[in-house]
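Take a look at the structure below.
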Amino acid sequence: MTGSSTQGIKTVLHPVSDLAKAKEVYAALLGVPPQADSSYYVGFEAEGQHIGLVPGGASQGMTSPVAYWHVPDIEAKLAEVTAAGATVKEPVRDVGGGRLVATVTDPDGNVLGLLQDR
Numbered sequence: 787m788t789g790s791s792t793q794g795i796k797t798v799l800h801p802v803s804d805l806a807k808a809k810e811v812y813a814a815l816l817g818v819p820p821q822a823d824s825s826y827y828v829g830f831e832a833e834g835q836h837i838g839l840v841p842g843g844a845s846q847g848m849t850s851p852v853a854y855w856h857v858p859d860i861e862a863k864l865a866e867v868t869a870a871g872a873t874v875k876e877p878v879r880d881v882g883g884g885r886l887v888a889t890v891t892d893p894d895g896n897v898l899g900l901l902q903d904r
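Going by the working numbering, the sequence shown opens with residue 787, and the numbers climb by one from there.
In structure tokens form, the structure reads like this:
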């Protein structure tokens, strides 16, 4: 198989209905305070992983946590996985700070995230 490799799963986003309660649970689990803490997103950095809490994620179509594979070229990887049978769920978009994200579904409906930092 040819194509670009990934840099692994480094980001996992969790949809939450009560941000304050979820923040307490994840802070206790990870043993660190949030690095990003706002009303629309709370993010933790722990052991090389970024764990994000997305309030109202269900209303954005998040029905379960989404693991984001970090890639050097998101457009190339998106083309590669769709050619292999994945379906685009959310096309590439800039979420700020030079970070690009996209999601696809595999043939069984599992959501896979792609993330590129510029």
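Think of the CB as a built atom: it goes at the ideal place given N, C-alpha and C, for glycine as much as any other residue.
On a predicted model such as this, the values are computed, not experimentally measured, just so you know.
Comparing C-alpha distances from H836 to each of D892, S825, L816 and V890 shows the shortest one belongs to L816. If you draw a straight line from the Cα of A844 to the Cα of S791, it is about 30 Å long. Inter-segment contact for the segment 850 to 859 and the segment 897 to 904 is present: three or more beta-carbon pairs are separated by less than 8 Å. In this model, P893 and T797 are separated by some 22 Å (Cα to Cα). Comparing C-alpha distances from G882 to each of G847, E866, Y827 and T873 shows the shortest one belongs to Y827.
Going by DSSP, Y812 is part of the alpha helix (DSSP H) stretching over L805 to L816.
Beta-carbon to beta-carbon, A872 and V890 are separated by about 4 Å, close enough to satisfy the 8 Å threshold. Excluding its 5 nearest sequence neighbours in each direction, R885 has C-beta neighbours in its own chain below 6 Å: D903, listed in chain order. Distances from the CA of G895 to each of V852, E861, K863 and R879 were compared; the closest alpha carbon is that of V852.
Distance from L839 to K809 at the Cβ level is roughly 6 Å; contact confirmed, criterion being Cβ atoms closer than 8 Å.
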